[in-house]
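A.B. asks:
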Amino acid sequence: MRITHLGHACLLVEIADARVLIDPGTFADGFSDVRDLDAVVVTHQHPDHLDPERVGDLLRANAGARVLSDPGSVDVLAGLGVEAEAHRGPTTVGAVTLTPVGDTHALIHEDIPRIPNVGVRLDADGEPSVFHPGDALDGQPGSVDVLAFPLQAPWARSREMTAFLRRLDAPHAVPVHDGLLQPRGRALYLGQAAQLGGPNTRIHDLAGRGATEFRAGE
7 MRITHLGHAC
17 LLVEIADARV
27 LIDPGTFADG
37 FSDVRDLDAV
47 VVTHQHPDHL
57 DPERVGDLLR
67 ANAGARVLSD
77 PGSVDVLAGL
87 GVEAEAHRGP
97 TTVGAVTLTP
107 VGDTHALIHE
117 DIPRIPNVGV
127 RLDADGEPSV
137 FHPGDALDGQ
147 PGSVDVLAFP
157 LQAPWARSRE
167 MTAFLRRLDA
177 PHAVPVHDGL
187 LQPRGRALYL
197 GQAAQLGGPN
207 TRIHDLAGRG
217 ATEFRAGE
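Residue numbers (our numbering): 7 to 224.
Now the structure itself:
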């Protein structure tokens, strides 16, 4: 399996026989030219996870891709001319099973209504499992091999981020949701994740590294 961090919350996951793009949002720079996609997953409708100006062109260039989203993003995508399925149960794309996890975005502020947020777990025989939570830290994906974790967000404190890493304690973790950080702040949060996160977790900072391979059992 290979994972490419395309900026902020956007990951390209190449697993078994499928290419799955997760959360193509406004803070991600590298997804517009991605081709041969089998599925696109949108965890929620905030623009940093769903870019209304570029996602239509992306999907027209990947006409065969299945689009799975949280229930709240179905109408948003329809307004962009994109037909999406609400991700309510395990879905098979080629040899890959995509399982929805969670239902509600983390609390930003009491004055801001909470919206749907559905994370996604990816599984395929002989491949590491992957979980992307979107914007929530309360999902229950079960034991996973590779955990994408929000590094920093207006809705999260750093101790919540490290508690999330400790709770799931995956062998590997990939920081996402980092588009608001300048280099010094990013280094600080990465240090906290490594020092205060899961005791058995190795942090892999994939920003700017291109496709990175993960193997089952390693």
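Even for Gly, the Cβ is constructed at its ideal location relative to N, Cα and C.
Nothing here was measured: the structure is a model prediction, and the numbers come from that model.
Rounded to whole angstroms, what is the Cα-Cα separation between LEU65 and ALA90?
C.D. replies: Those two C-alpha atoms are separated by around 11 Å.
A.B. asks: Pull up the CB-CB distance for ASP23 and ALA101, whole angstroms please, since I reckon it's below 8 Å.
C.D. replies: Sure, about 5 Å apart at Cβ, within 8 Å.
A.B. asks: Are there three or more Cβ pairs, one per stretch, closer than 8 Å when the region 131 to 149 is compared with the region 15 to 34?
C.D. replies: Yes, they touch.
A.B. asks: Go to GLY132, then tell me how far its beta strand (DSSP E) extends in each direction, as first and last residue.
C.D. replies: From DSSP, GLY132 is part of no beta strand (DSSP E); its letter is neither H nor E.
A.B. asks: Name the DSSP bridge partner or partners of ILE9?
C.D. replies: The partner list for ILE9 (beta bridge, DSSP) reads VAL19 and THR218.
A.B. asks: State the DSSP-derived secondary structure class of PRO181, mapped to helix, strand or coil.
C.D. replies: Of the three classes helix, strand and coil, the one that applies to PRO181 here is strand, per DSSP.
A.B. asks: What number of angstroms, rounded off, separates the C-alpha of ASP175 from the C-alpha of ALA200?
C.D. replies: Their Cα atoms are separated by approximately 12 Å.
A.B. asks: Buried or exposed, going by whether 16 or more other CB atoms sit within 10 Å of the CB of ILE209?
C.D. replies: Answer is buried; the Cβ neighbour count reaches 16.
A.B. asks: State the DSSP-derived secondary structure class of ARG127, mapped to helix, strand or coil.
C.D. replies: Three-state result, ARG127: strand.
A.B. asks: In chain order, what residues of the same chain lie with their CB nearer than 8 Å to the CB of VAL124, ignoring the 5 residues before and after it?
C.D. replies: Counting only Cβ-Cβ distances below 8 Å, and skipping sequence neighbours, we find THR49, HIS50, SER75, ASP76, PRO77, HIS93, PRO106, VAL107, GLY108, ASP109 and GLY140.
A.B. asks: In chain order, what residues of the same chain have a beta carbon less than 6 Å from the beta carbon of MET7, not counting five sequence neighbours either side?
C.D. replies: Here the set comprises ILE21, GLU133, PRO134 and PHE220.
A.B. asks: Exposed or buried, ARG41, counting other C-beta atoms within 10 Å across all chains shown (16 or more means buried)?
C.D. replies: So ARG41 ends up on the exposed side.
A.B. asks: Could you say which of ARG165, ALA217, PRO58 and GLN158 lies nearest to PRO189 if we only look at CA atoms?
C.D. replies: Of the candidates ARG165, ALA217, PRO58 and GLN158, the one whose C-alpha sits nearest the C-alpha of PRO189 is GLN158.
A.B. asks: Using three-state DSSP, classify ALA199 as helix, strand or coil.
C.D. replies: It is helical.
A.B. asks: Do THR207 and LEU153 count as a contact pair if the criterion is CB distance below 9 Å?
C.D. replies: Taking 9 Å as the Cβ cut-off, LEU153 and THR207 qualify as a contacting pair.
A.B. asks: Look at the alpha carbon of LEU86 and the alpha carbon of ASN68, and state the distance between them as a whole number of angstroms.
C.D. replies: About 15 Å.
A.B. asks: LEU212 and PRO177: beta carbons closer than 9 Å?
C.D. replies: No. Outside cutoff.
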